[in-house]
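In the working numbering, the protein residues as written are 222 to 520.
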């Protein structure tokens, strides 16, 4: 059994067509058919049901494909590990702080002093689409979600209240708490749709049963804070993000209904054994830093 045979089988299963699979592999269709025939002969079982130009996996083929996927993933891991060793990247840990970007200076200063042999690559990305791509490259991801995440590789660090920040001259400023629907007559300030906090904000407004009027949409949380302080309108913000800021011209109001919270979690992706201990060091440092600091600056 050869890897080339397994590759041919995997592509044929993906395309359900030998000709398209051969084209994807840049080889002739007879050559691909020959590889699959040899594999079937070696396994003493047919892997496909053939009907004209279309092929579909049979029960044996489904079973084999499941294991071939594992084999090919391991081969890719071997190639990645060897590449890291060859380029001296085996100790580089990639971090994607989707939220809590305030941790970055600590990583490059304090952590680097404590662990000079661990190389850090920190990805600062503001757009959700690119975050999805980068999250697959990252060893550690700091994220926010509307539900508490409970998985072996994810640790929820804390639960954070989402509050309403209002200019002191706003009609709602005298209240200590509101229902989110009370905002319906007013225009608010929001982040743009490609920002993580906006996704959470939209979810809570959907629970409240309406889409808010937005007077301003900006791509910077700092700009949003300044606009609220300058009296341009209210905004939904994570409470701990603002706890150390001196609000002169605005105040925070609790949201009674729906209950508005987000969860800050740290996730670690699967990594090679070569850098498992390094990823653990960075992971534990980030969790400890966020837990003891109690200050989160949202992106």
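C-beta: ideal position from N, C-alpha, C; glycine also.
Tell me, please, which residues DSSP counts as bridged to residue i.
i	result
residue 400	478
residue 270	277
residue 377	486
residue 472	387
residue 361	316, 489
CB-CB under 8 angstroms to residue i, same chain, minus the five flanking residues each way: which ones, in chain order?
i	result
residue 448	410, 437, 439, 454, 456
residue 240	250, 274
residue 430	402
So, at 6 angstroms on beta carbons, what are the nonlocal neighbours of residue i in its own chain, with the 5 sequence-adjacent residues on each side left out?
i	result
residue 535	This structure leaves residue 535 out entirely; the chain is present only between 222 and 520.
residue 245	232
residue 380	482, 484
residue 525	What the structure shows of the chain is the stretch from 222 to 520, and residue 525 is not part of that stretch, so it cannot be assessed.
Going by DSSP in three states, residue i sits in which element: helix, strand or coil?
i	result
residue 431	coil
residue 405	coil
residue 491	coil
residue 451	coil
residue 240	helix
residue 321	coil
residue 423	helix
residue 331	helix
Cβ atoms of residue j and residue i: under 7 angstroms apart, would you say?
i	j	result
residue 226	residue 260	yes
residue 286	residue 234	yes
residue 325	residue 363	no
residue 386	residue 473	yes
residue 433	residue 426	yes
residue 336	residue 512	no
residue 521	residue 344	Residue 521 lies beyond the range of the chain shown here (222 to 520); nothing can be said about it.
residue 222	residue 263	yes
Can you list, in chain order, the residues of its chain with a C-beta nearer than 7 angstroms to that of residue i? Leave out the 5 residues immediately preceding and following it.
i	result
residue 475	384, 397, 398
residue 256	225, 226, 229
Roughly how far, in whole angstroms, is the beta-carbon of residue i from the beta-carbon of residue j, given that I think they are within contact range, below 8 angstroms?
i	j	result
residue 359	residue 317	4 angstroms
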